[in-house]
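Worksheet for the structure shown next.
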Amino acid sequence: MTEKKVKLQSLSGMNDVLPKDQPFLKKIQKSIEGTTSYYNFQKIEVPVLEYAEVFSKAAGDTSDIVEKEMYSFRTKGGDLICLRPEFTPGVVRSYIEHGMHNLPQPVKVWASGPCFRHDRPQKGRYRQFFQASLEALGDKSPSIDGQIIQMSYDVLKDLGFKNISIQVNSIGDNECRPYFKKILVGYFKSKRGSLCHDCQRRLKENPLRILDCKEEKCQQVKAGAPQTVDHLCQLCHAHFKQVLEFLDELELPYVINPYLVRGLDYYTKTVFEISEKSEIGMVYGALASGGRYDGLVKLLGGRDTPACGVGIGISRIMELMMEKEMKTEKKPAEGPKIFLAQLGEMAKRKSMKLFEEFRDEKIPVAESFSKDSLRSQLSAANKMGVRWVLIFGQREALEGFITLRDMESGAQSEITLDKVVQEMKNKVKS
RNA sequence: GCGGUCGUAGUGUAGUGGCCUAGCACAGCGCUCUGUGGCAGCGCUAGCGGGAGUUCGAAUCUCCUCGAUCGCCCCA
Numbered sequence: 004m005t006e007k008k009v010k011l012q013s014l015s016g017m018n019d020v021l022p023k024d025q026p027f028l029k030k031i032q033k034s035i036e037g038t039t040s041y042y043n044f045q046k047i048e049v050p051v052l053e054y055a056e057v058f059s060k061a062a063g064d065t066s067d068i069v070e071k072e073m074y075s076f077r078t079k080g081g082d083l084i085c086l087r088p089e090f091t092p093g094v095v096r097s098y099i100e101h102g103m104h105n106l107p108q109p110v111k112v113w114a115s116g117p118c119f120r121h122d123r124p125q126k127g128r129y130r131q132f133f134q135a136s137l138e139a140l141g142d143k144s145p146s147i148d149g150q151i152i153q154m155s156y157d158v159l160k161d162l163g164f165k166n167i168s169i170q171v172n173s174i175g176d177n178e179c180r181p182y183f184k185k186i187l188v189g190y191f192k193s194k195r196g197s198l199c200h201d202c203q204r205r206l207k208e209n210p211l212r213i214l215d216c217k218e219e220k221c222q223q224v225k226a227g228a229p230q231t232v233d234h235l236c237q238l239c240h241a242h243f244k245q246v247l248e249f250l251d252e253l254e255l256p257y258v259i260n261p262y263l264v265r266g267l268d269y270y271t272k273t274v275f276e277i278s279e280k281s282e283i284g285m286v287y288g289a290l291a292s293g294g295r296y297d298g299l300v301k302l303l304g305g306r307d308t309p310a311c312g313v314g315i316g317i318s319r320i321m322e323l324m325m326e327k328e329m330k331t332e333k334k335p336a337e338g339p340k341i342f343l344a345q346l347g348e349m350a351k352r353k354s355m356k357l358f359e360e361f362r363d364e365k366i367p368v369a370e371s372f373s374k375d376s377l378r379s380q381l382s383a384a385n386k387m388g389v390r391w392v393l394i395f396g397q398r399e400a401l402e403g404f405i406t407l408r409d410m411e412s413g414a415q416s417e418i419t420l421d422k423v424v425q426e427m428k429n430k431v432k433s
């Protein structure tokens, strides 16, 4: 029989986060946890799976999103369900389902975990990726917009990013946006011939998107285009002005980007994107982006509830940190400083017991019980960068002591067995 | 979903139709050295992404497929 060797591989666009990369992930999570806890955002867990409707309703039928880019499939029972492509609609669903409008408003929550999009994978765009999402529901005040931008900025600053750029814009609401769209479409129609092929199509499907087309010829056309900020209704205008005043007060390095828009309809008023510029001024993809979604709660069947949030792209941040070789926790601080080496059956049994005694004292100790030769154990200890090796063999076991080897100097000494834990405790401290 | 480029042990690579039973380096494991690490020597493990085809002969050419990457669409 010939055995067919099937090579297993991960699904397209799905990555492992290997042990060596965990410190990055951990650092990012810690930063987010610290920030959210300081600002009193509470953790919420929402399911990875939801009815597809939760997301498709939110996204609307404006784009390819539903049919092309959601990870959706049918259950055995025939329900159309979907792996979450982002957190916001799930959080909103939860807010509605649990009657959180009865809680003191605003409800400030944050969630974190894997999300899924059925895109063609690209750098910084994978089918499974980690995101954190901060949401403030039931708050119409511009101060919350400012606070959320501040928090996003804080997280990135904590992580060591130095050239953070914040772009903000306001895209109005149901009052003024339809009106603005008309003006915009009117303008672009008059210049139709100068638009790229895609934008001629966008003119019908999603005219706001023409504003961030990268084509040279569209750039020129849009330079003369009407800007959202000039066509906001009174309320939106006042709101945006106040948001900017907060940002000024907070001394955040923001710029207004009149071309910044969102693809989905539920967004209202403030939108922002935060990215990191490289030394040569190149901008990496957005590391965090968000804005107001005053219409979403109602859209999903709840009361009319203003809300604002941000999605923080953990995977992207991680990738960039690794690319820039940014610092994580110092390595030596992580690993144990003591290695327990054993020789012979009896000593091995006893050293497993000793290992537990160290554990009781919460002193980290490395071991390699599966190796027998002292040589390979010392070699292992060396690779781990451990300073102290406790050698426990036949001789030691019989006479009730243990040999301590200082890997830096090579000096060895003997410690009686009942004093080992205490003595090592002192060594590790110093 | 569309287009370009790419795919050799864990990693980095050599190899451009027969000198390939696929070479090298690093890593891993082991031995020299059954109670002493870092050095050295020796050895072992492990690979042409997968499948079809062309050919006397394929890592090398063709097609399909899977994956990666870059760009487009879309972007929550």
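The opening residue of the first sequence carries number 4 in my numbering; numbering runs sequentially from there.
Note that CB positions come from ideal geometry on N, CA and C, so glycine has one too.
Just so we're clear, the structure is a prediction, and the values are computed from it rather than from any experiment.
Closest residue to residue i among the options (Cα-Cα distance)
| i | options | result |
| --- | --- | --- |
| Phe404 | Lys386, Gly388, Ile169 and Val423 | Val423 |
| Lys29 | Gly413, Gly347, Asp148 and Ile320 | Ile320 |
| Pro229 | Pro210, Asp161 and Glu219 | Pro210 |
| Ser193 | Glu208, Asp176, Gly227 and Tyr182 | Gly227 |
| Gln134 | Leu346, Leu357 and Leu290 | Leu290 |
| Tyr129 | Asn166, Asp161, Gly102 and Tyr74 | Tyr74 |
| His104 | Gly196, Gln397, Asp307 and Gln25 | Asp307 |
| Gly314 | Ser136, Lys374, Lys432 and Glu276 | Ser136 |
| Ile394 | Gln345, Glu370 and Ser416 | Gln345 |
| Glu252 | Tyr287, Pro109 and Ser146 | Ser146 |
| Asp148 | Leu247, Gly127 and Gly81 | Leu247 |
| Gln223 | Lys207, Met329, Thr231 and Cys202 | Cys202 |
| Lys118 | Asn177, Glu53 and Asp82 | Note that residue 118 corresponds to Cys in the displayed sequence, not to Lys. Measuring from the Cα of Cys118, the nearest candidate turns out to be Glu53. |
| Gly388 | Lys301, Glu411 and Asp82 | Glu411 |
| Asn177 | Ser376, Gly298, Lys126 and Glu219 | Gly298 |
Cut-off 7 Å between Cβ atoms - residues of its own chain near residue i, not counting five sequence neighbours on either side
| i | result |
| --- | --- |
| Ile418 | Phe404, Ile405, Leu407 and Glu426 |
| Glu360 | Val424 |
| Thr331 | Pro26, Phe27 and Lys30 |
| Lys430 | Trp391 |
| Arg205 | Arg212 and Ile213 |
| Gln380 | Ala344, Ser371 and Lys374 |
| Thr231 | Asn172, Ser173, Ile174, Gly175, Phe183 and Pro261 |
Contact set for residue i: own chain, Cβ-Cβ below 8 Å, skip 5 residues either direction
| i | result |
| --- | --- |
| Leu303 | Val57, Lys60, Ala61, Pro92, Val95, Arg96 and Ile99 |
| Ser400 | The question names Ser, but residue 400 in the sequence shown is Ala. Result list for Ala400: Gly347, Met349, Ala350 and Lys353, in chain order. |
| Val225 | For the record, residue 225 in the displayed sequence is Lys; it is not Val. Here the set comprises Ile213, Leu214, Cys216 and Tyr262. |
| Gln108 | Leu140, Gly141 and Asp142 |
| Gly63 | Leu267, Asp268 and Tyr269 |
Cα-Cα separation, residue i to residue j
| i | j | result |
| --- | --- | --- |
| Val69 | Arg390 | 57 Å |
| Pro181 | Val264 | 14 Å |
| Asn385 | Thr39 | 40 Å |
| Asp421 | Ala414 | 21 Å |
| Ile35 | Val158 | 6 Å |
| Met325 | Leu14 | 23 Å |
| Leu166 | Ile152 | The sequence shown places Asn at residue 166, not Leu. Straight-line Cα distance between these residues: approximately 16 Å. |
| Asn3 | Gly338 | The requested residue 3 does not occur in the structure, where the chain is confined to residues 4 to 433. |
| Asp67 | Leu267 | 11 Å |
| Lys428 | Leu140 | 50 Å |
| Glu402 | Leu357 | 15 Å |
| Gly102 | Lys143 | 18 Å |
| Leu323 | Gly196 | 39 Å |
| Val20 | Met154 | 26 Å |
| Glu328 | Pro22 | 16 Å |
| Gln397 | Glu364 | 25 Å |
| Asn18 | Phe90 | 20 Å |
| Gly116 | Val110 | 20 Å |
| Arg378 | Lys432 | 27 Å |
| Thr382 | Gln12 | As written in the sequence, residue 382 is Ser, which differs from the Thr given in the question. Rounded to whole angstroms, Ser382 to Gln12 spans 33 Å at the Cα level. |
Cβ shell of residue i (< 6 Å), same chain only, five flanking positions each side left out
| i | result |
| --- | --- |
| Tyr257 | Ile169, Val171 and Leu250 |
| Lys334 | Residue confidence is low: Lys334 scores 49 on pLDDT, short of 50, so the model does not pin down where it sits. Its coordinate-derived value is still stated next. Taken in chain order, the list of residues that qualify is empty. |
| Glu138 | Val94, Val112 and Gly312 |
| Pro367 | Pro339 |
| Gln245 | Pro145 |
| Gly16 | Pro124, Tyr129 and Arg130 |
| Asp161 | Ser34 |
| Ser416 | Leu407 |
Cβ-Cβ distance between residue i and residue j below 7 Å
| i | j | result |
| --- | --- | --- |
| Val51 | Arg87 | yes |
| Leu198 | Cys179 | no |
| Cys239 | Lys272 | yes |
| Ile156 | Leu255 | The sequence given here has Tyr at residue 156, not Ile. Result yes, Cβ atoms of Tyr156 and Leu255 sit closer than 7 Å. |
| Ile84 | Ala55 | yes |
| Ser278 | Phe132 | no |
| Phe342 | Ala310 | no |
Cβ-Cβ separation, residue j to residue i (assumed contact under 8 Å), whole Å
| i | j | result |
| --- | --- | --- |
| Phe164 | Val112 | The pair is not a contact, with the Cβ atoms about 25 Å apart (cut-off 8 Å). |
| Tyr262 | Tyr296 | No, Tyr262 and Tyr296 are not in contact; Cβ-Cβ is about 20 Å, not under 8 Å. |
| Asp122 | Glu72 | 6 Å |
| His234 | Ile186 | 6 Å |
| Phe275 | Gly294 | 6 Å |
| Tyr41 | Gln150 | The Cβ separation is near 11 Å, so there is no contact. |
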